[in-house]
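Q: Please see the structure below; I have some questions.
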Amino acid sequence: MPAPPVAVVGLGQLGGSLAAALAAAGRPVSGWDVDPAAREAAAARGVAITRELSGVVVLAVPLPAMATALDGLVVDPAATVTDLGSVKRPVLEALSPALGSRFVGGHPMCGTERSGHEAVDPELFRGARWAVCLEAGTELPRWLRVAEVALAVGAEVVPATAAEHDDAVAAISAVPHLLAAALAAAAADAGPLALSLAAGSFGSGTRVIGSDPAFVTAMVEGNAAPTEQALARVRAQLDRPWPELVAAGHAAVTRRPGRRAVRVPLERSALLALGRSGGAVTRRLAAFVEGWVPDPA
Ligand SMILES: NC(=O)c1ccc[n+]([C@@H]2O[C@H](COP(=O)([O-])OP(=O)(O)OC[C@H]3O[C@@H](n4cnc5c(N)ncnc54)[C@H](O)[C@@H]3O)[C@@H](O)[C@H]2O)c1
């Protein structure tokens, strides 16, 4: 069966990169953006600009615009709708009343602190993890259609529920952004000498807070309770004796488990178990997906 067309709403960094990657791979891809400059840039990369959307419709707009992004657009009633938003529960709650099981949430774990169509990179998704949400009511054929788009641009698919996703990204995305903000603000308070001496470790620890403040605010406020819990875990870590804390952090980031290849049946609980184990899907076969799980040995 030929892969369905993909239509991307929001042709900025993430959406423009996805549309460009699919167009470069020879896939039919269309899209829409409220900004004429983003539309022009996408058209120059081979994206058909239209308000009529079908196949897999990808919402790549800022989080506050998700609920209304399809207003004024014509969406094929058979289309599967997904999104690239950095939090999943609020988007699911906003879109499922209208879309029901036609909506399958997603979140590619990539992107830079830049934004807009000038930041488009067709290679952005290669090697990235891409969470594709499997709720109790998700239709597996639609989940597979969304997963196939992620695989087509070189990402690895991580099955997770929206709630599991939001808890996980609070720890590895929301908290790093808040810590980067705190580090930067505290260094600014320390004075000009500190800032003039700032080099590699300060740059690595603060890079992400160079992102658009509206993007970061929407991400942390949209995931407030899990972010509070993840911050509480960081505060508890900071109360440990420093040698113990340094050793624990070092061990966590230098541990490099191998990968063990697995085949998983196309079934919700097996796919979610793969995601929970830290593994990912790399290929779809007839009745299975192929992927890997971490192998500590
Ligand atoms: N930037 C990242 O690192 C990153 C990573 C993963 C996921 N995301 C998510 O991806 C989504 C897009 O982020 P981005 O970084 O590409 O943002 P961006 O600002 O680069 O692009 C957003 C685009 O959406 C357009 N837009 C806004 N409202 C619209 C509407 N109603 N209809 C059509 N177009 C509209 C804007 O004109 C812009 O071109 C967000 O939901 C974000 O949470 C971002």
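Numbering (the numbering used here), first residue to last: 638 to 934.
Using N, Cα and C, we set each Cβ at its ideal position, and we do this for glycine too.
1) Going by DSSP, what residue range makes up the alpha helix (DSSP H) through P813?
2) At a cut-off of 6 Å, is L700 close to ligand 1 when judged by its beta-carbon and the heavy atoms of the ligand?
3) Enumerate, from N- to C-terminal direction, the unbroken alpha helix (DSSP H) stretches of 4 or more residues contained entirely within the region 689-743.
4) Following the continuous beta strand (DSSP E) through E793, name the residue where it begins and the one where it ends.
5) Taking G915 as the reference, give the member of C747, P931 and A706 with the closest Cα.
6) Taking the C-alpha atoms as reference points, what is the distance between D670 and G709?
7) Please report the straight-line C-alpha distance between R920 and R763, rounded to a whole angstrom.
8) Comparing C-alpha positions only, which one of V853, L882 and L690 sits nearest to V712?
9) Provide the residue(s) that pair with D932 in DSSP beta bridges, ordered along the chain.
10) The alpha helix (DSSP H) that contains G842, what's its start and end?
11) Per the DSSP calculation, S906 is bridged to which residue(s)?
12) Between the C-alpha atoms of A867 and Q650, what's the straight-line distance to the nearest angstrom?
13) With G668 as the anchor, note down where its beta strand (DSSP E) starts and where it stops.
14) Would you check if the distance between the CB atom of V666 and the CB atom of A675 is smaller than 7 Å?
15) Measure the C-alpha to C-alpha separation of G912 and A825 and round it to an integer number of angstroms.
16) L659: beta carbon under 6 Å from a heavy atom of ligand 1?
17) Just to confirm my understanding: we take A835, look at its own chain, exclude 5 residues before and 5 after, and list those with CB closer than 7 Å. What are they?
18) Could you say which of G847, T798 and S654 lies nearest to L816 if we only look at CA atoms?
19) Where does P894 land, buried or exposed, given buried means 16+ other C-beta within 10 angstroms?
20) So V783 is in the alpha helix (DSSP H); what residue range does that whole segment cover?
21) For P863, decide whether its Cβ has a neighbour in chain B, counting only Cβ atoms nearer than 7 Å.
22) Given this structure, state the Cα-to-Cα distance separating R897 from L903, to the nearest angstrom.
23) According to DSSP, is F852 part of a helix, a strand, or is it coil?
A: By the coordinates alone:
1) V812 to A827
2) yes
3) 726-736
4) E793 to A797
5) P931
6) 12 Å
7) 14 Å
8) L690
9) G895
10) G837 to T843
11) For S906, which the question treats as bridged, DSSP gives no partner whatsoever.
12) 27 Å
13) V666 to W669
14) no
15) 40 Å
16) no
17) A824
18) G847
19) exposed
20) L777 to A789
21) Included in the structure is just one protein chain, with no chain B present.
22) 19 Å
23) helix
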